[in-house]
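K.L.:
Protein chains in written order, with this note's numbering: chain G, 1 to 112; chain Z, 113 to 227.
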């Protein structure tokens, strides 16, 4: 099993460009999450999907959109990237919300 | 809503010394507790978890944590650390409420093991 996979691993964008971060899990988990990690800030939840067909805002949703494409895949879209969105983005999944989460390797995004 | 406090943002220790990383939580209901480890340039990995039963839980690499309900704590300990334990450690809590409450993470403790 690959677990949780994320693409791309690295990305550099110019201010105003758009992009989609992809995440997939092969553990048949119901719930999926997107976090950003910044120095000294810990992990901050952007959006999550408790089950296929549902999405909810987390702590820092502004500037992002998500799509739960199917049970396996959960994408994060930046419509108009800003330097403040420079961060490392992690996708995670769990059997249910509140249970242990399994993380992907992360995407390092730089917006210039 | 629950919250998690990791009291130390950085903990430097020498190799083979004992270490304790502190975690306190606040919740008025029963909780699940987790410790995650993040090695440099990697994602988070589950280190150990407390769901119910024995209050002392152990990981395969020598770490242990004890759930203390009266102190609302879940401190992580290791009696003798290795250079390879250098990483950032995150404590997390969720409430036992039919799986409807999200995990809440602490801000992390960076453990640096020096030779």
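Backbone N, C-alpha and C fix where the C-beta goes; we use that ideal spot for every residue, glycine too. Being a predicted model, the structure only gives us computed values, none of them experimental.
At a CB-CB cut-off below 9 Å, which residues of chain Z make contact with residue 105(G)?
P.N.:
Per Cβ cutoff of 9 Å: 153, 154, 155.
K.L.:
Would a check of beta-carbon distances place residue 158(Z) closer than 8 Å to chain G?
P.N.:
Taking Cβ atoms only, chain G reaches closer than 8 Å to residue 158(Z), which makes this a yes.
K.L.:
Give the secondary structure of residue 120(Z) by DSSP, where H, G and I count as helix, E and B as strand, and everything else as coil.
P.N.:
Three-state DSSP puts residue 120(Z) in coil, outside helix and strand.
K.L.:
Are there 16 or more other CB atoms within 10 angstroms of the CB of residue 68(G), so buried, or fewer, so exposed?
P.N.:
Flag for residue 68(G) reads buried.
K.L.:
Enumerate, from N- to C-terminal direction, the unbroken alpha helix (DSSP H) stretches of 4 or more residues contained entirely within the segment 52–82 of chain G.
P.N.:
Correct list: empty.
K.L.:
Between the alpha carbons of residue 103(G) and residue 140(Z), how many angstroms are there, rounded?
P.N.:
Each residue's alpha carbon lies about 28 Å from the other.
K.L.:
If you reduce the DSSP assignment to three classes, tell me which class residue 195(Z) lands in.
P.N.:
If DSSP states are grouped into helix, strand and coil, residue 195(Z) belongs with the helices.
K.L.:
Check whether chain Z comes within 8 Å of residue 100(G), counting only Cβ atoms and requiring the distance to be less than that.
P.N.:
Cβ-Cβ to chain Z under 8 Å: yes for residue 100(G).
K.L.:
Hey, could you find the ends of the beta strand (DSSP E) residue 180(Z) is sitting in?
P.N.:
Residues 176–180.
K.L.:
In angstroms with no decimal places, state the Cα-to-Cα distance between residue 171(Z) and residue 34(G).
P.N.:
Going from the Cα of residue 171(Z) to the Cα of residue 34(G) covers about 26 Å.
K.L.:
Identify every run of the beta strand (DSSP E) within the segment 136–163 of chain Z, keeping only runs that are complete inside it and at least 3 residues long; order them along the chain.
P.N.:
Those beta strand (DSSP E) runs which fall completely within the segment 136–163 of chain Z and span 3+ residues are 143–150, 156–162.
K.L.:
Along the chain, where does the beta strand (DSSP E) containing residue 42(G) start, and where does it finish?
P.N.:
From DSSP, the beta strand (DSSP E) with residue 42(G) extends over 42–49.
K.L.:
Could you confirm whether any beta carbon from chain G is found closer than 8 Å to the beta carbon of residue 119(Z)?
P.N.:
False, the Cβ-Cβ gap to chain G never drops below 8 Å.
K.L.:
Residues in its own chain within less than 7 Å of residue 159(Z) by CB, not counting five upstream and five downstream?
P.N.:
Around residue 159(Z): 147, 148, 149, 171, 175.
K.L.:
In terms of residues, what are the limits of the beta strand (DSSP E) holding residue 26(G)?
P.N.:
No beta strand (DSSP E) contains residue 26(G), which DSSP labels as neither H nor E.
K.L.:
Just how far apart, CA to CA, sit residue 22(G) and residue 66(G)?
P.N.:
When rounded, the distance between both Cα atoms is 10 Å.
K.L.:
Does chain Z have any CB closer than 8 Å to the CB of residue 43(G)?
P.N.:
Chain Z, which has a Cβ nearer than 8 Å to the Cβ of residue 43(G), makes this yes.
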